[in-house]
Amino acid sequence: VSSDVNPLLQYTKSVVFLEDREMAVVDTGRVKFLDFKADVIDKKIERLSWSPLMIEKKGYKHFMLKEIFEQPRVIRDTLNGRISLETGAVELDDIGLDMSVLKSVNKMVFIACGTSYHAGLVGKILMEKLAGVPVDVEYASEYRYKDRIVDENTLIVVISQSGETADSLAALKAVKAKGVPSLTICNVVKSSIARETDGALYTQAGPEIGVAATKTFTAQLCALTLLALKTAEVRGALSEEEQDELIQELQRIPPRMEEILNDAKILEGLSHSFTSSNHFLYLGRWISFPVALEGALKLKEISYIHAEAYPGGEMKHGPIALIDEKMPTLVVIPRDHVYEKMLSNISEVKTRSGFVLAVAFEDDAEICDRVDAVIRIPRIHPLLSPFLTTLPLQLFAYYIASARGADVDQPRNLAKSVTVE
Numbered sequence: 028v029s030s031d032v033n034p035l036l037q038y039t040k041s042v043v044f045l046e047d048r049e050m051a052v053v054d055t056g057r058v059k060f061l062d063f064k065a066d067v068i069d070k071k072i073e074r075l076s077w078s079p080l081m082i083e084k085k086g087y088k089h090f091m092l093k094e095i096f097e098q099p100r101v102i103r104d105t106l107n108g109r110i111s112l113e114t115g116a117v118e119l120d121d122i123g124l125d126m127s128v129l130k131s132v133n134k135m136v137f138i139a140c141g142t143s144y145h146a147g148l149v150g151k152i153l154m155e156k157l158a159g160v161p162v163d164v165e166y167a168s169e170y171r172y173k174d175r176i177v178d179e180n181t182l183i184v185v186i187s188q189s190g191e192t193a194d195s196l197a198a199l200k201a202v203k204a205k206g207v208p209s210l211t212i213c214n215v216v217k218s219s220i221a222r223e224t225d226g227a228l229y230t231q232a233g234p235e236i237g238v239a240a241t242k243t244f245t246a247q248l249c250a251l252t253l254l255a256l257k258t259a260e261v262r263g264a265l266s267e268e269e270q271d272e273l274i275q276e277l278q279r280i281p282p283r284m285e286e287i288l289n290d291a292k293i294l295e296g297l298s299h300s301f302t303s304s305n306h307f308l309y310l311g312r313w314i315s316f317p318v319a320l321e322g323a324l325k326l327k328e329i330s331y332i333h334a335e336a337y338p339g340g341e342m343k344h345g346p347i348a349l350i351d352e353k354m355p356t357l358v359v360i361p362r363d364h365v366y367e368k369m370l371s372n373i374s375e376v377k378t379r380s381g382f383v384l385a386v387a388f389e390d391d392a393e394i395c396d397r398v399d400a401v402i403r404i405p406r407i408h409p410l411l412s413p414f415l416t417t418l419p420l421q422l423f424a425y426y427i428a429s430a431r432g433a434d435v436d437q438p439r440n441l442a443k444s445v446t447v448e
């Protein structure tokens, strides 16, 4: 018996999903399923597609490190079959949602928790920029208790790694009562949330054992990008040239991720300079702010170092009071339309004797003179930069936590699937 499928893989690939108010009565050599009236019910046995080999470390010190290095494969698999080889168009026929919904919708609400919420913040920018559809991003734990102002032209998108997150499931059920269409972006087929929504856009990350989400985050970014591109396509919001450029860039992400991972040892050496730090500030603007949030979350989750993230423009509204030579600032600064603004924020930190570490494009010569250290990433379209800026932050958190002797895969007080409220 398990609240998630991952622990079962070493024992079986055959599972039965119980719905609310159902139970299984197990006896020697047999099992029967009952409802709460004690009536026998038929249940379908589902076969898991994941292999037990997928939950082995395969030579890596921790599952988290293995899962970070799996991300190029994860993006390839999530894209596989969803981009037409003939036309280059996005194909989402497998998600079970009528594409007319994407054409008629006038608002989307992304519901999520934790890392999935950060993915939703990136997805909001993508959807609004590419398709022109306004998006609200809501914490599931808050949204379930709010006045939910939706109608039949609102699409609810629940983002969940496990598909079992209690708050996300409760929020979905509450808003579904209003008769709105729903979709999940999820990593587990036939999970509770996937069974509750009208459609499911599955990520192809495979089982994620490390409690701190890594590969499922970038897989969610990939799914959200595909959803935004498809919505833009059916609404005629992008020119053919714009769509082609983004799809080509999307397909270039896996090899560019591999370039970053090939330099992991350099990042490991850099990270060891910060193992005694007790506080971190992460800054980003526009599409890099959710990345800063995710980077700070990863550091605090697995290393137990206090870290907080702010939009660059909000630093002067409070966090700047904390900056001194003992509090490093990590800045996510790809070359985009807010680049100069971020440079100004860096100057504010340096003026106060702060140490600045930047994640920037490899061909950015200007940044070298502005900061104390730079983590280089390949250049990519600014809208897709989170795929690449995220990886160094994951590795940075991992190497610091590992050097401090923390239990990286099972950090204290945390669970992989939060199935309780």
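Residue numbers for the sequence shown follow my numbering, beginning at 28 and rising by one.
We treat Cβ as the ideally placed atom computed from N, Cα and C, and that holds for glycine.
Values in this document were obtained by computation on a predicted structure and should not be read as measured data.
Counting only residues of its own chain and dropping the five nearest sequence neighbours on each side, Lys217 has a CB closer than 7 Å to the CB of Phe44 and Glu73.
In the structure shown, Glu335 falls within a strand segment according to DSSP collapsed to helix, strand and coil. Its Cα nearest to that of Leu310, the residue Val358 stands out among Arg403, Ala167, Val358 and Thr243. Using a Cβ distance threshold of 8 Å, Ile404 and Phe388 count as a contacting pair.
Measuring C-alpha to C-alpha distances from Leu410 to each of Ile360, Arg439 and Asp436 identifies Ile360 as the nearest.
Of all C-beta pairs linking the stretch 113-120 to the stretch 270-283, three or more are shorter than 8 Å, placing the two stretches in contact.
Looking only at Ser195, Thr245, Asn180 and Phe307, the smallest Cα-Cα distance to Ala323 is reached by Phe307. The DSSP assignment places 90-96 and 98-106 as complete runs of the alpha helix (DSSP H) inside the stretch 33-114, in order along the chain (cut-off: 4 residues). Rounded to the nearest angstrom, the gap between the Cα atoms of Met342 and Thr356 is 11 Å. Going by C-alpha positions, Arg109 is about 28 Å away from Ala167. Lys134 has Thr181 as its beta-bridge partners, per DSSP. Beyond the five residues adjoining it in sequence on each side, Ile212 comes within less than 7 Å, by CB distance, of Val184, Ile186, Leu228, Thr230, Gln247, Ala250 and Leu251 in the same chain, given in chain order. If you draw a 10 Å sphere on the C-beta of Cys140, you find 16 or more other C-beta atoms in it, and that means buried. Using a Cβ distance threshold of 8 Å, Lys205 and Val101 do not count as a contacting pair.
Selection Ser300, Asn107, Lys134 and Asp125 evaluated against Asn180 yields Lys134 as nearest (Cα-Cα).
Per DSSP, reduced to three states, the secondary structure at Thr230 is coil, with no helix or strand assignment. Within the model, the alpha-carbon separation for Ser127 versus Asp391 is close to 43 Å. Within the stretch 300-369, complete beta strand (DSSP E) segments of at least 3 residues are found at 306-311, 333-338 and 356-359, given in chain order.
Taking each of Leu418, Ser111, Ser330 and Ser131 in turn and checking the Cα distance to Thr258, the smallest one comes out for Ser131. The C-alpha of Tyr172 is placed about 20 Å away from the C-alpha of Thr224.
The continuous beta strand (DSSP E) containing Ile402 extends over residues Ala400 to Ile404. Within a 10 Å sphere around the beta-carbon of Pro282 sit fewer than 16 other beta-carbons, which makes this residue exposed.
For Ala385, the uninterrupted beta strand (DSSP E) segment begins and ends at Val383 to Phe388.
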